[in-house]
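Here is the structure we will look at.
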Amino acid sequence: NAGVMQNPRHLVRRRGQEARLRCSPVKGHSHVYWYRQLPEEGLKFMVYLQKENIIDESGMPKERFSAEFPKEGPSILRIQQVVRGDSAAYFCASSPKAGPNSPLHFGNGTRLTVT
Amino acid sequence: DAKTTQPPSMDCAEGRAANLPCNHSTISGNEYVYWYRQIHSQGPQYIIHGLKNNETNEMASLIITEDRKSSTLILPHATLRDTAVYYCIVRVQTDSWGKLQFGAGTQVVVTP
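So the protein sequences, as listed, match chains A and B. Going left to right, the first sequence walks through residues -19 to 95 as our numbering numbers them. Going left to right, the second sequence walks through residues 313 to 424 as our numbering numbers them.
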């Protein structure tokens, strides 16, 4: 069984460009979560989506960041006009249900480097 | 913010049991205790979770005290591949879902 798939594994962007990070959840999982890990820091929750809906975006920066999980296809985390401070590892997770008794399963992340 | 306290680091000898402590004295009755680990450069890996009862799976055992104020993750036979940061997380119920918030964790080093 395939786990959470994220691509690309590594992404290099120049300041001002756009970054698009893709996440395919575990087959059958309809709940997707994005986390960010800045260098030498902990994992921080960004956003939780359920097919076509944003449920909780309390951790998303107010500007330049957006996320979607369309009816068909992977979830996308989009960062517009990237800055050096966006350099981080971005992890996606999925779960079959909502609620605290349903574990999140993480992918191996996309490492974004902004030059 | 995470509602748990873990030692920042601990060493364990290969082949021995690793007992990782976690304090969560303010846990509420409907909050689960989760354990994840993160091996360098990889995504967090789910290990185990529980509410009140002790739990065991192929990776580890979770022992939760009767008052639920602390727990211990047990890796029965540590190997070098178990070297990782281990996170104890109390999963907080907010609105319709339980947000998973990571703290600093315990850096576990398994030595030969």
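Where a beta carbon is used, it is the ideal one built from N, C-alpha and C, also for glycine.
Answer yes or no: does any C-beta atom of chain B fall closer than 8 Å to that of residue i?
i, result
"residue 88 (chain A)", "yes"
"residue 85 (chain A)", "yes"
"residue 80 (chain A)", "yes"
"residue 45 (chain A)", "no"
"residue 71 (chain A)", "yes"
At a CB-CB cut-off below 7 Å, which residues of chain A make contact with residue i?
i, result
"residue 396 (chain B)", "None at all; the shortest Cβ gap to chain A is about 13 Å."
"residue 341 (chain B)", "Here the premise fails: no neighbours, minimum Cβ distance about 12 Å."
"residue 380 (chain B)", "Within 7 Å Cβ-Cβ: nothing; residue 380 (chain B) doesn't reach chain A, min ~14 Å."
Along chain B, which residues have their Cβ under 9 Å away from the Cβ of residue i?
i, result
"residue -13 (chain A)", "Result: empty, since nearest Cβ-Cβ is about 13 Å, beyond 9 Å."
Using a beta-carbon distance below 8 Å, is residue i in contact with chain A?
i, result
"residue 419 (chain B)", "no"
"residue 403 (chain B)", "yes"
"residue 313 (chain B)", "Here residue 313 (chain B) scores only 47 on pLDDT, less than 50, and its place in the model should not be relied on; the value that follows carries that caveat. No, residue 313 (chain B) lies away from the interface with chain A (no Cβ there is under 8 Å from its Cβ)."
"residue 330 (chain B)", "no"
"residue 412 (chain B)", "yes"
"residue 356 (chain B)", "yes"
"residue 459 (chain B)", "Examination of residue 459 (chain B) is not possible in this model, given that chain B is present from 313 through 424 alone."
Would you mind telling me which residues of chain A sit closer than 9 Å to residue i, beta carbon to beta carbon, in chain order?
i, result
"residue 327 (chain B)", "Simply none; closest approach about 28 Å."
> Looking at chain A, which residues of the stretch 358 to 375 of chain B have a Cβ within less than 7 Å of any of its Cβ atoms?
Replying inline: 358 and 361
> Per the contact definition of three or more C-beta pairs closer than 8 Å, is the stretch 376 to 395 of chain B in contact with the stretch 411 to 423 of chain B?
Replying inline: yes
>> Which complete beta strand (DSSP E) runs does the stretch 67 to 94 of chain A hold, if anything under 3 residues is left out?
In response: 68 to 75 and 90 to 94
> Taking a cut of 9 Å between CB atoms, which residues from the stretch 16 to 28 of chain A lie near chain B?
Replying inline: 17, 22, 23, 24, 25 and 28
>> Could you tell me which whole beta strand (DSSP E) segments of length 3 or greater appear in the stretch 361 to 411 of chain B?
In response: 373 to 376, 382 to 387, 396 to 406 and 409 to 411
> Between the stretch 79 to 90 of chain A and the stretch 399 to 413 of chain B, do three or more beta carbon pairs fall short of 8 Å?
Replying inline: yes
>> Just to confirm the assignment: which complete beta strand (DSSP E) runs, minimum length 3, are found wholly within the stretch 324 to 350 of chain B?
In response: 330 to 335 and 344 to 350
>> With three or more beta-carbon pairs closer than 8 Å as the criterion, would you say the stretch 85 to 94 of chain A touches the stretch 321 to 331 of chain B?
In response: no
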